[in-house]
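Novice: Taking my numbering, the leading residue of the sequence shown gets 290, the next gets one more, and so forth.
Ideal placement from N, C-alpha and C gives every residue a C-beta, glycine not left out.
This structure is in structure tokens; I'll ask about it shortly.
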Amino acid sequence: VLSEYTRVTSEGGRLSDVLSGHIDPDDGIAPPAEVPPPVDPKAVKAEGADDDEEESADASDEEDEVESGPDPVIAQQRFGAVSDQMEITRKALKKFGRDDKHAIAEMVALAELFMPIKLVPKQFEGLVERVRGALERLRAQERAIMQR
């Protein structure tokens, strides 16, 4: 998912090809601490409005486009946080092993950052296929053991 996000942002693809949005924090799920309040985009828009009236008309057009899809600023912050935590988690797994409490804590932190991201079906299916494949291999091994 991170590599697909990086590809979309670097090659100029549509962000809506990777994610459909974020889980609303009002639903009882706490957002990650790295995400700033939505005041920042308003401040940026206010600065753009001071430059020229034509630019403010363009900014309002951009607002309409942003509202129709995921906010690129929030997406960048969330995927950046997930990427950073992924590196921390990999290092903890390499250093401590999967069963250590430090590694487990890092995996939980990674999961909490990743869970609020709503993926498009194409991305979700890619993740689910990996789990299904692993489950099929496990069942094949179980059958082989039971037949012995």
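Measuring only the C-alpha atoms, how far is Q366 from G301?
Specialist: 17 Å
Novice: What residue range is occupied by the uninterrupted beta strand (DSSP E) comprising L408?
Specialist: 406-408
Novice: Could you check the C-alpha separation between L304 and R387 for me, to the nearest Å?
Specialist: 33 Å
Novice: Is it a yes or a no for the segment 401-417 touching the segment 364-382, going by three-plus beta-carbon pairs under 8 Å?
Specialist: yes
Novice: In three-state DSSP terms, what is R426?
Specialist: helix
Novice: Is L235 near Q374, with beta carbons less than 8 Å apart?
Specialist: Since the displayed the chain opens at 290 and closes at 437, residue 235 lies outside it and no answer follows.
Novice: Quick one: Cα of P400 to Cα of A392, how far?
Specialist: Checking the displayed sequence, the identity of residue 400 turns out to be Ala instead of Pro. Taking the straight line joining both Cα atoms gives about 12 Å.
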